[in-house]
Amino acid sequence: MHTECPIPVSADETVRLGHGSGGELSQRLLREYIYPHFDNAWTVQAHDSATLPRIGGRTVFTTDSFVVSPLFFPGGNIGELAVYGTVNDLAMSGARPLYLSCSLILEEGLPMKTLAAVMASMGRAAAATGVQLVTGDTKVVEKGKGDGLFINTAGIGSLEHVLSIAPDRIQPGDSILLSGDIGRHGMAVMARREGLEFDGPLLSDCAPLHEPVLALLEAGINVHCLRDLTRGGLATALVELAEGSRRQFSLRENDIAITEPVLGACEMLGLDPLYVANEGRFVAFVPPHQAQQALAILQKCPVSADSRAIGTVSASEAAEVILRNSIGCERLLDRLPGEQLPRIC
Amino acid sequence: MHTECPIPVSADETVRLGHGSGGELSQRLLREYIYPHFDNAWTVQAHDSATLPRIGGRTVFTTDSFVVSPLFFPGGNIGELAVYGTVNDLAMSGARPLYLSCSLILEEGLPMKTLAAVMASMGRAAAATGVQLVTGDTKVVEKGKGDGLFINTAGIGSLEHVLSIAPDRIQPGDSILLSGDIGRHGMAVMARREGLEFDGPLLSDCAPLHEPVLALLEAGINVHCLRDLTRGGLATALVELAEGSRRQFSLRENDIAITEPVLGACEMLGLDPLYVANEGRFVAFVPPHQAQQALAILQKCPVSADSRAIGTVSASEAAEVILRNSIGCERLLDRLPGEQLPRIC
Amino acid sequence: MKFLHEYRQREAVEKIAAEIHRVVTRPWTIMEVCGGQTHAIVKFGLQQLLPPQIELVHGPGCPVCVTSLEIIDQAIAIASRPDVIFCSFGDMLRVPGSNGDLLTVKAAGGDIRTVYSPLQALKVAEDNPHKEVVFFAIGFETTAPAHAMAVVLATKKRLRNFSLLVSHFLVPPAIEAICSAPGSRVQGFLAAGHVCAIMGYEQYRPLAREYRVPIVVTGFEPLDILEGVLLCVRQLEQGICLVLNQYARAVDRNGNLNAQEILELVFDIDDQAWRGVGSIAASGLRLRAEFARFDAGRRFGMAHSSGPDRSGCISGRIMQGLQKPCDCPHFGGRCRPEQPLGAPMVSSEGACAAYYRYRNRSTADAH
Amino acid sequence: MKFLHEYRQREAVEKIAAEIHRVVTRPWTIMEVCGGQTHAIVKFGLQQLLPPQIELVHGPGCPVCVTSLEIIDQAIAIASRPDVIFCSFGDMLRVPGSNGDLLTVKAAGGDIRTVYSPLQALKVAEDNPHKEVVFFAIGFETTAPAHAMAVVLATKKRLRNFSLLVSHFLVPPAIEAICSAPGSRVQGFLAAGHVCAIMGYEQYRPLAREYRVPIVVTGFEPLDILEGVLLCVRQLEQGICLVLNQYARAVDRNGNLNAQEILELVFDIDDQAWRGVGSIAASGLRLRAEFARFDAGRRFGMAHSSGPDRSGCISGRIMQGLQKPCDCPHFGGRCRPEQPLGAPMVSSEGACAAYYRYRNRSTADAH
Amino acid sequence: MCLGIPGRVEELLNESPLERSARVNFGGICKEINLAYVPEAREGDYVIVHVGFAISRVREQEAHRIFRYLERIGELGELQ
Amino acid sequence: MCLGIPGRVEELLNESPLERSARVNFGGICKEINLAYVPEAREGDYVIVHVGFAISRVREQEAHRIFRYLERIGELGELQ
Ligand code: SF4
Ligand code: SF4
Ligand SMILES: [Mg+2]
Ligand SMILES: [Mg+2]
Ligand SMILES: [Mg+2]
Ligand SMILES: [Mg+2]
Ligand SMILES: [Mg+2]
Ligand SMILES: [Mg+2]
Ligand SMILES: [Mg+2]
Ligand SMILES: [Mg+2]
Ligand SMILES: [Mg+2]
Ligand SMILES: [Mg+2]
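Next up, the structure:
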């Protein structure tokens, strides 16, 4: 009685606890939903780890968990985000992203179709970015103990240059470059949040940022510091860097691009776009004499085509961020205590 | 008005969404609860990634997410588990574990005390194992969208030898060594599950396994394959390896140690200890002429002091696992379809 | 563990097996009635110890296997309600109804909890006064007293949010049905030790007499089962048809009178539908009128509505010893352990699951 | 965005500011009543554009700031119930009650949802018939018509599981209280544009006359606020006390009569407790008897029980222009943005939070 | 109190008096807004929106007043 | 049907007839078990437990019977 499996896992199936048991259902999940989107390394080794080729240069290591809700939002989904987010953290060290791990926490009841779409998207995002998904893990939690799907990616990259790219290298006089308009990711996600729904041309900026960074480095720009703008937005990232470098930053609001739809959504909910999340934007600190050249390089990459210089590092050691706004007044930016909540007042 | 913070974060606080916002609450969480238990690298770099010293040998990369409930169980907690689990996956490649990342998904409402205890435990586990926690991430999800605390660790290790340790190196005649008694972790966790509670001397076996593995390698044992026994237990691990190597394994049930409390709990719930999870046990496949030497080495390490040879790889290519049981009959072990459920019949 | 290990000793087992080999002269077909015995036979590979003349047939004594499609569908409907917490023994969760199983309901958000005991379900009801707590009370005579006690205690505690979806079966009528079925091949029975611990075994004497079958009340360890087989075969070889008690350490001739008393207080005997087999007269239990308010079917207005089982599963015939799993057209095709069509594929010791495991072997002798 | 960008143009703003500088000869203290205006003043740094003689005092026009401790405690008690889904505007979640805030309840498992509109809460009630859905109806005259409409629609839709925890405030009585307070320093008012969009501004004329204060109905953009200041200062310099309408693009003298009609249908005027300030006669709204069944306080038997606010927060005096945040003993100590003791520390544009941000600067001139 | 922002009425969605609503455009993004209190608003009009309700219709005429005033100041300034 | 396993009664916990219970030991791990149906069980006795209820008391005498029988077979075998 040698029977083959005649049943393709049906598309309207959902994740069950058994898919996380390590048993036959787990195997099918891996075989049918996950391996096809990963590089052979993982599948072939059929082992709980990946043995990598020797890494040239110093190794950079990072991790992020992705918990976005909804899983699909205008302009992206959690799968792309999980690839790009970790690629970007590697890029912000000036590293070339090489390998990613992928660890899934599935909630019982997640439609298999959703998982399939997310995994396919991860596979495409990895291919487009030139990183390899080489090792992973899958857990299933009971209904009500997760939120559909959480993804963790850890990443390994190689530093192929001798620069140190870190907050403490920020110098007075440095030019602060911003790679595009801000607030799109946060507002695109919010546009799909239950109850707040609005529609319109609001797409997440979710994108990989290694290309412009490597372009800067290859051109010999003496990059002092880089930071991708994720939760907390531009303002939080800069406050962290001001504190990390003990420098004062002066920003010009007029040079910070915000699209009309982002502004409209922010005004409607009483949110400040400076604190709204991005997933495809970064700031670069470069010496003033290289600022024009750096800007030109950034503007040549599609993902950072709208880069602008938005401010400078001043001589003061006050560790603060000052925004000169559109009407010429100054505003001190600080960290928000917690999440921005929609206001009525 | 230069005011200092006079309030220590009170011990009866709980995690709030703001702790995941990237704002001031996030900073405090990191500063007070997480950084103290990590190596300086992460704290000092204050960056989203860690730049590591050059890694000697080939690099091994792995990841696992930990979703155990309850978070504390007899003999361990999720923090230790997250360190040892990834250390063990590295060890199973024959690698020396070097660096871990730590990514937390906190559920709103998690008591800070719990977080503090788990993080302290992670710190101790890392120190005891000689790995460094060098990069991390923290997310907070709404109440009802998590289960207190999920931890992902990814790990990097170095391969300092030229052996390939993988299923396809398993050879007919290989001796199968098991590093101790089985089923303790799964039953210790179940003993604390709501409704099933039972008490007694049932401790998880949760422990790091790199020491006995490195001892085997240093002694020149030609280790063919290693596998730690986690979800799915001994039976599932061996079935996977039988399929991965396309070899038939013959096991002797009498040589597989199971303590009385584990057996008692399994009998009570109608579970098969061969399929119950472990977190500090592994199997090693070694050439028959080195089996005695390997066993002696394993028995010298406290964590594998009760190691025994439990079976051999036979010449057949049937890719199956046969257990000769205590009464001399044979039983074919296969993967369970999903989770083992307690039986009444 | 005392009273377990000694019944799993190789030497003792081999001695009994040798005695069976010595006694047997002709082929005999013996049914072990109870799913627990089947479990032990498959897990320990006991068939390997028996002479080829002896064929063990796996009987219908597994509540998971015989609970009717209609009741499973009712369970699924009730468990799907947002106001309900549905408590069940673990192995019921994977049994397929007309459309999905309880695990599917759970995955879709139903609050379904695995319990070890009906007392746990009672506690859930006490702890969740704003929810309806429904316990899936399946079982044979062994389990019925536990369910009866849950009803008594719920009454005493004045719980208004607790009810039972009852699916209870009685063994003797099933044995009678098997004996009287046309084409029956079963020549002797190992009766279910734990059922007899409650009910005693006086009821089996008329059956043994009428159908001329030896019946041996048997335990669950390898040594018990082999001794049960020996006591059965010895009678068969000698043409005797007595009721014998192999499991005397746990079973008294009259059973457990305390338990029988509470059982009669709470339940009435009624006709019952057995999955795959059909209705058998007076083979089930239902709540007595006094306790009708604990009847979940009534409380949630469950209509008797499931159509016939169209799955094509032949489990009933397998459990009666009339056919084998490989005779089923779905075996290994639409029906596999990770997506069972019928109950015998659900647990790894179910008849079909055991066959499935050995499907790639030339010798299918281990089940 | 049309009607926003043009009021944020640097050139126009500078022209108006220059005109204010030109007109001012003496110190003047002006209160912007509305929290939305405070928000704009702090965020845009408008004080930097004004001559040093002009001091802006942040008024009590923020429902988040003035909702009484008692109501917050009631909200927390109701939101903690397992049968309740509690809907609130986002910024209320962080306001401290006697013991924790709504975010704490949420973290402990309370089903609390942030809504943008009361209509959303209504939808939650329709979607969750087995739950009690309570909407935290806070606000001034601007928001009250939305809440009134929610009550009307709930009546029309026969929703039985919807109620409102009402905390509604009226502006004119508050202005009168501030004017008549002993030691009041406020010499002119920027009245709240959106409140007047609903209510018109005829009610302000007697106040302006009696207390001899100019009152300028003002919008929310930099240009609006500066023009409001200019219209106020010009009167102060000339000793005139009129009610003027700076925000005529949105405000009609008589307000929105449609809205007023529904408002009166649903609400009665009543005395109201303002957090930190105390009770002000006829300064609040409560549901009329016909709609009493929508009153969450009644439905859940909320007792009037909160003790006095023992936190020591001086927010009331700050909102009346009588003291400054740095006069508060808790400022920057027990009270900080990530754990506010009082409402003005909650939002980043609250008076105390704004002071806190600039605490390390020698010049505290930016707020 | 009372965050209110101007949006353009794009399309009427519901004409029943109490639930009268329209798609209102705020810088490109749109949301359904209750128009019961501003029944006179037509497509193309701007309305001030607060918590999902239009509370008044923007009068374009009045909106330009301040710019005319600023021009006058400018002219006066030039004269001085 | 009817997974039942033997455990040793360690300590009586509740003496009320219907909720009579004891800590019962299964190879070292313990669980509270209802003893209402086996009121005669004493500490040190073994009981067969099914779904949280003791359903019968193990009779040691009977438990040894099979081993005595096996010895007899053995003796017979040696005789043969
Ligand atoms: S193989 Fe499946 S469908 Fe066929 S009898 Fe067995 S359980 Fe039923
Ligand atoms: S600093 Fe805090 S306690 Fe003091 S007035 Fe401000 S909000 Fe109240
Ligand atoms: Mg990271
Ligand atoms: Mg980053
Ligand atoms: Mg990141
Ligand atoms: Mg894993
Ligand atoms: Mg969920
Ligand atoms: Mg791993
Ligand atoms: Mg492993
Ligand atoms: Mg692992
Ligand atoms: Mg991160
Ligand atoms: Mg939870």
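Protein chains in written order, with the numbering used here: chain F, 78 to 422; chain X, 78 to 422; chain B, 6 to 372; chain G, 6 to 372; chain P, 31 to 110; chain R, 31 to 110. We put the beta carbon where it would ideally sit given N, CA and C, even for glycine.
Going by DSSP, what residue range makes up the beta strand (DSSP E) through residue i?
i, result
"B:Pro68", "That residue, B:Pro68, is in no beta strand (DSSP E); its alpha helix (DSSP H) goes 68-71."
"X:Arg401", "398-401"
"P:Ile85", "83-87"
"P:Asn55", "51-56"
"F:Asn229", "226-236"
"F:Pro419", "No beta strand (DSSP E) holds F:Pro419; DSSP gives it neither H nor E."
Could you check whether the Cβ of residue i sits closer than 7 Å to any Cβ belonging to chain X?
i, result
"G:Leu98", "no"
"G:Glu137", "no"
Measure the CB-CB distance between residue i and residue j and report whether it falls below 7 Å.
i, j, result
"G:Phe145", "G:Val176", "yes"
"F:Asp161", "F:Cys343", "Note that residue 161 of chain F is Tyr in the sequence shown here, rather than Asp. Cβ distance not < 7 Å, so F:Tyr161 and F:Cys343 don't count as in contact."
"B:Phe94", "X:Ile421", "yes"
"R:Ile103", "B:Glu24", "yes"
"R:Val54", "R:Gly37", "yes"
"B:Ile267", "B:Ala287", "no"
"G:Val62", "G:Thr34", "yes"
"B:Leu228", "B:Ile180", "no"
Beta-carbon of residue i versus every beta-carbon of chain P: anything under 7 Å?
i, result
"F:Ile259", "no"
"G:Met36", "no"
"G:Phe8", "yes"
"F:Cys422", "yes"
From which residue to which residue does the alpha helix (DSSP H) around residue i run?
i, result
"X:Thr191", "189-206"
"X:Pro289", "287-295"
"G:Thr109", "107-112"
"X:Gln376", "368-377"
"B:His199", "198-204"
For chain F, find out if any of its Cβ atoms is closer than 7 Å to the Cβ of residue i; answer yes or no.
i, result
"G:Ala369", "In this predicted model, G:Ala369 has a pLDDT of only 41, less than 50, meaning its place in the structure is not dependable; the value taken from the coordinates is given anyway. No - not a single Cβ of chain F is within 7 Å of the one on G:Ala369."
"X:Phe227", "yes"
"P:Leu43", "no"
"P:Val88", "no"
"B:Leu108", "yes"
"X:Glu337", "no"
"P:Val81", "yes"
Is there a Cβ from chain G that is less than 7 Å from the Cβ of residue i?
i, result
"P:Ala71", "no"
Q: Examine the Cβ distances between the region 63-82 of chain B and the region 327-336 of chain B and report whether three or more of them are shorter than 8 Å.
A: Not touching, per the Cβ criterion.
Cβ contact (3+ pairs, closer than 8 Å) linking the region 286-301 of chain F and the region 362-377 of chain F: Yes, the region 286-301 of chain F is in contact with the region 362-377 of chain F.
field: Inter-stretch contact at 8 Å, needing at least 3 Cβ pairs: the region 262-281 of chain F / the region 198-216 of chain F
entry: In this structure the region 262-281 of chain F does not touch the region 198-216 of chain F; the number of beta carbon pairs closer than 8 Å is below three.
Practice task
Can you check the region 43-106 of chain B for any alpha helix (DSSP H) of at least 4 residues that lies completely inside it and give the ranges in chain order?
Solution key: Counting only runs of 4 or more, we get 68-71, 74-84.
For this session: Assess, as a yes-or-no matter, whether the region 301-320 of chain F is touched by the region 239-248 of chain F under the definition of 3 or more beta carbon pairs within less than 8 Å.
Result: The answer is yes - the region 301-320 of chain F touches the region 239-248 of chain F, with three or more Cβ pairs under 8 Å.
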